[in-house]
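Engineer: Residue numbers (this note's numbering): 32 to 80.
Heads up, the beta-carbon is just placed ideally off N, CA and C, and yes, glycines get one too.
Just so we're clear, the structure is a prediction, and the values are computed from it rather than from any experiment.
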Amino acid sequence: MKPTQNPAVADLIARSNRLGADKRNTNYAGGNTSAKGSETDPVTGEPVE
32 MKPTQNPAVA DLIARSNRLG ADKRNTNYAG GNTSAKGSET DPVTGEPVE
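1) Within its chain, find whatever has a CB closer than 8 Å to the CB of T64; leave out the 5 residues flanking it on each side and keep chain order.
2) How is P73 classed by DSSP in three states: helix, strand or coil?
3) Would you mind giving the Cβ-Cβ distance between S67 and E80, rounded to the nearest angstrom? I have them listed as a contact below 8 Å.
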(Lines of atoms letter the chains of each structure in order from A and count residues from 1; the text may use other names and numbers.)
(Lines give C-alpha, C1' and ligand atoms only; values in the text may rest on other atoms or scores of the structure.)
Protein backbone atom coordinates (compact mmCIF):
# COMPACT_ATOMS: atom_id res chain seq x y z
CA MET A 1 0.00 0.00 0.00
CA LYS A 2 1.25 3.47 -0.84
CA PRO A 3 1.62 5.71 2.24
CA THR A 4 -1.08 8.11 0.98
CA GLN A 5 -3.47 5.42 -0.24
CA ASN A 6 -6.85 5.09 1.46
CA PRO A 7 -7.14 1.71 3.28
CA ALA A 8 -10.53 1.12 1.61
CA VAL A 9 -8.82 1.43 -1.79
CA ALA A 10 -6.03 -0.96 -0.78
CA ASP A 11 -8.59 -3.50 0.48
CA LEU A 12 -10.59 -3.17 -2.74
CA ILE A 13 -7.53 -3.76 -4.91
CA ALA A 14 -6.48 -6.82 -2.89
CA ARG A 15 -10.01 -8.27 -2.95
CA SER A 16 -10.39 -7.58 -6.67
CA ASN A 17 -7.05 -9.24 -7.42
CA ARG A 18 -7.99 -12.34 -5.39
CA LEU A 19 -11.34 -12.64 -7.15
CA GLY A 20 -9.82 -12.05 -10.58
CA ALA A 21 -7.19 -14.74 -10.00
CA ASP A 22 -9.93 -17.40 -9.87
CA LYS A 23 -11.10 -17.95 -13.46
CA ARG A 24 -14.47 -19.21 -12.17
CA ASN A 25 -15.17 -15.67 -10.87
CA THR A 26 -13.80 -13.73 -13.83
CA ASN A 27 -16.27 -11.80 -15.98
CA TYR A 28 -14.67 -11.82 -19.44
CA ALA A 29 -17.22 -9.36 -20.81
CA GLY A 30 -16.08 -6.68 -18.39
CA GLY A 31 -17.20 -5.64 -14.97
CA ASN A 32 -15.96 -3.62 -12.09
CA THR A 33 -15.45 -3.56 -8.36
CA SER A 34 -16.27 -0.67 -6.08
CA ALA A 35 -15.97 0.42 -2.48
CA LYS A 36 -17.18 3.24 -0.30
CA GLY A 37 -14.79 5.25 1.76
CA SER A 38 -14.04 8.80 2.77
CA GLU A 39 -11.08 11.09 2.32
CA THR A 40 -10.28 14.69 3.05
CA ASP A 41 -10.73 17.04 0.10
CA PRO A 42 -7.28 18.60 -0.38
CA VAL A 43 -8.78 21.97 -1.38
CA THR A 44 -11.51 22.44 1.22
CA GLY A 45 -10.24 20.19 4.00
CA GLU A 46 -13.77 18.75 4.28
CA PRO A 47 -14.45 15.01 4.44
CA VAL A 48 -15.83 13.57 1.19
CA GLU A 49 -17.02 10.12 0.11
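Structural biologist: Short version:
1) L43, R46, S47 and L50
2) coil
3) The residue you asked about is not Ser; residue 67 is Lys in the sequence shown. That belief holds up - the Cβ atoms of K67 and E80 are roughly 6 Å apart, short of 8 Å.
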